[in-house]
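Participant: Residue numbers (the numbering used here), protein chains in the order written: chain P, 1 to 123; chain D, 1 to 123.
Protein chains: 2
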Amino acid sequence: MSMLGAMLEAKEPLSREQIARRMGENANKVTLYRTLHSLVEAGIVHTALIRNRVQLYEPSAHCSEHLCHPHFVCRGCHKTICLTEITPPTVDLPDGFRLERQQLQMEGLCSTCTMAEHETQSI
Amino acid sequence: MSMLGAMLEAKEPLSREQIARRMGENANKVTLYRTLHSLVEAGIVHTALIRNRVQLYEPSAHCSEHLCHPHFVCRGCHKTICLTEITPPTVDLPDGFRLERQQLQMEGLCSTCTMAEHETQSI
DNA sequence: AATTTTATGCAACTCAGTTGCATTTCCAAG
DNA sequence: CTTGGAAATGCAACTGAGTTGCATAAAATT
Chain P
1 MSMLGAMLEA KEPLSREQIA RRMGENANKV TLYRTLHSLV EAGIVHTALI
51 RNRVQLYEPS AHCSEHLCHP HFVCRGCHKT ICLTEITPPT VDLPDGFRLE
101 RQQLQMEGLC STCTMAEHET QSI
Chain D
1 MSMLGAMLEA KEPLSREQIA RRMGENANKV TLYRTLHSLV EAGIVHTALI
51 RNRVQLYEPS AHCSEHLCHP HFVCRGCHKT ICLTEITPPT VDLPDGFRLE
101 RQQLQMEGLC STCTMAEHET QSI
């Protein structure tokens, strides 16, 4: 499994370690980071903007040139949901500003965890 | 200068180190982190979602309960601009999803750097 | 084949943030 | 006061993601 293949297969952004595990081969972490940097520089991959102590990568294929799909991070199950179906919102920037990349991040409860919370409350 | 004072005075999110410098006093970094965690837990301060190897903090006062003001990070001058005047965009989440916090991050060129780039090209 | 270029690996490093534990400061009961 | 226990502060040592320098291996070029 190639590095890009691992990322395309996943439905969420992956860390360097998760990518390595999905690839199966045990390449050196330095090599992995170097390849990731090349992919990012080439614009094939980018880093997801998510509150996390480690960098998370995802293929740029799921985003338009300037507007990345929104991410929803659930506080209950800690899953990251890529909202690729949602059209990214646009805002009016001050004069002269040139937007090159935009990411929207949301935190809260996903539908499953919202339901679970309601059940707990009603007992 | 208090920790919160330092953050309110700044027009951009600050790192632990920047906060310490603005406070003047030389408190231990462990103490600073502990205080920051308390402020975050109390909802008085939150971390800005910006591509950065260090955590950046800002007062929650500049945001509404669920929607944080957008940030624009300039690739030219590396300044972070808090777009507090812009109304944060809203998106329609899938059924059952409950949004608790949202942040929009933008990267590109600020007006000053866009002008500078045009001048360079025309020479 | 010889030589240059490029990719890989290892070990040691950097640096933000954390943890354990000792010390100080605060504050309330005696 | 002062004493005893809780909360805040500090120090040093640790953790872990990511990086750097340098040696080695694999390609590509002549």
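Ideal Cβ placement from N, Cα and C applies to all residues, glycine included.
All values derive from a computational prediction rather than experimental measurement.
Between the C-alpha atoms of threonine 47 (chain P) and methionine 7 (chain P), what's the straight-line distance to the nearest angstrom?
Facilitator: Taking the first sequence and counting its residues from 1, one reaches residue 47 (chain P) at position 47. Taking the first sequence and counting its residues from 1, one reaches residue 7 (chain P) at position 7. Straight-line Cα distance between these residues: approximately 12 Å.
Participant: Can you give, in chain order, each stretch of the alpha helix (DSSP H) that sits fully within the segment 40 to 75 of chain D and has at least 4 residues?
Facilitator: Fully enclosed alpha helix (DSSP H) runs of 4 or longer: not present.
Participant: What are the partner residues of glutamate 107 (chain D), as DSSP defines its beta bridges?
Facilitator: Mapped onto the second sequence, residue 107 (chain D) falls at position 107. The partner list for glutamate 107 (chain D) (beta bridge, DSSP) reads P:Arg101 and D:Val73.
Participant: Within the chosen definition, does the segment 108 to 119 of chain P reach the segment 91 to 99 of chain D through at least 3 CB pairs nearer than 8 Å?
Facilitator: Result yes; three or more Cβ-Cβ pairs closer than 8 Å.
Participant: Since cysteine 82 (chain P) and lysine 29 (chain P) are thought to touch, with beta carbons under 8 Å apart, how far apart are those beta carbons, to the nearest angstrom?
Facilitator: As a working note, residue 82 (chain P) is residue 82 in the first sequence. As a working note, residue 29 (chain P) is residue 29 in the first sequence. About 25 Å; that fails the 8 Å criterion.
Participant: Determine, using beta carbons only, whether leucine 109 (chain P) comes closer than 8 Å to chain D.
Facilitator: On the first sequence, position 109 is the one that residue 109 (chain P) refers to. Yes, contact with chain D.
Participant: Considering only the beta carbon of each residue, do valine 91 (chain P) and proline 70 (chain D) sit closer than 8 Å?
Facilitator: Mapped onto the first sequence, residue 91 (chain P) falls at position 91. Mapped onto the second sequence, residue 70 (chain D) falls at position 70. A contact, by the Cβ cut-off of 8 Å.
Participant: Take proline 88 (chain P) as the anchor and find which of P:Cys77, P:Val73 and P:His66 has the nearest alpha-carbon.
Facilitator: The residue you call residue 88 (chain P) lines up with position 88 of the first sequence. Out of P:Cys77, P:Val73 and P:His66, P:His66 has the C-alpha closest to the C-alpha of proline 88 (chain P).
Participant: Please classify leucine 14 (chain P): does DSSP put it in a helix, a strand, or coil?
Facilitator: The count along the first sequence starts at 1 and reaches residue 14 (chain P) at position 14. Of the three classes helix, strand and coil, the one that applies to leucine 14 (chain P) here is strand, per DSSP.
Participant: So the candidates are D:Arg101, D:Phe72, D:Cys77 and D:Glu41; which of them puts its Cα closest to the Cα of leucine 93 (chain P)?
Facilitator: Taking the first sequence and counting its residues from 1, one reaches residue 93 (chain P) at position 93. When each option's Cα is compared against that of leucine 93 (chain P), the closest is D:Phe72.
Participant: Are isoleucine 19 (chain D) and leucine 32 (chain D) touching if we call contact CB-CB under 8 Å?
Facilitator: Working through the second sequence from its first residue, we reach residue 19 (chain D) at position 19. Working through the second sequence from its first residue, we reach residue 32 (chain D) at position 32. Yes, Cβ-Cβ distance for isoleucine 19 (chain D) and leucine 32 (chain D) is below 8 Å.
Participant: Taking the continuous alpha helix (DSSP H) assigned at methionine 7 (chain P), which residues delimit it?
Facilitator: For the purposes of this step, residue 7 (chain P) is identified with residue 7 of the first sequence, where counting begins at 1. Unbroken alpha helix (DSSP H) run through methionine 7 (chain P): 3 to 9.
Participant: Tell whether a beta-carbon distance below 8 Å holds between glutamine 103 (chain P) and leucine 49 (chain P).
Facilitator: Here the question's residue 103 (chain P) lines up with position 103 in the first sequence. Here the question's residue 49 (chain P) lines up with position 49 in the first sequence. In contact: glutamine 103 (chain P) and leucine 49 (chain P) (Cβ atoms closer than 8 Å).
Participant: Please state whether the Cβ-Cβ distance between leucine 36 (chain D) and arginine 16 (chain D) is less than 8 Å.
Facilitator: If you number the second sequence from 1, residue 36 (chain D) lands on position 36. If you number the second sequence from 1, residue 16 (chain D) lands on position 16. A contact, by the Cβ cut-off of 8 Å.
Participant: Taking buried to mean at least 16 other C-beta atoms within 10 Å of its own C-beta, is arginine 84 (chain D) buried or exposed?
Facilitator: Counting from one through the second sequence, the residue named residue 84 (chain D) turns up at place 84. The sequence shown places threonine at residue 84 (chain D), rather than the arginine named in the question. Threonine 84 (chain D) comes out exposed.
Participant: From the DSSP secondary-structure annotation, give me the bridge partner or partners of threonine 80 (chain D).
Facilitator: Translated into the one-based positions of the second sequence, residue 80 (chain D) becomes position 80. The partner list for threonine 80 (chain D) (beta bridge, DSSP) reads D:Val73.
Participant: Would glutamate 107 (chain P) and arginine 101 (chain D) qualify as a contact pair, given that the criterion is a beta-carbon distance under 8 Å?
Facilitator: Taking the first residue of the first sequence as 1, we reach residue 107 (chain P) at position 107. Taking the first residue of the second sequence as 1, we reach residue 101 (chain D) at position 101. Cβ distance < 8 Å, so glutamate 107 (chain P) and arginine 101 (chain D) count as in contact.
Participant: Of all the residues that make up the segment 58 to 92 of chain P, which are near chain D by a beta-carbon distance shorter than 9 Å?
Facilitator: So the list reads His66, Pro70, Phe72, Cys74, Arg75, Ile81, Leu83, Glu85, Ile86, Thr87, Pro88, Pro89, Thr90, Val91 and Asp92, given in the order they occur along the chain.
Participant: So, for cysteine 77 (chain P): in the same chain, excluding its five sequence neighbours on each side, which residues have a beta-carbon less than 8 Å away from its beta-carbon?
Facilitator: Position 77 of the first sequence, counted from the first residue, corresponds to residue 77 (chain P). Contacts found: Cys110, Thr112 and Cys113.
Participant: Could you give the distance in angstroms between the alpha-carbon of glutamine 105 (chain P) and the alpha-carbon of methionine 3 (chain P)?
Facilitator: If you number the first sequence from 1, residue 105 (chain P) lands on position 105. If you number the first sequence from 1, residue 3 (chain P) lands on position 3. Rounded to the nearest angstrom, the two C-alpha atoms are 25 Å apart.
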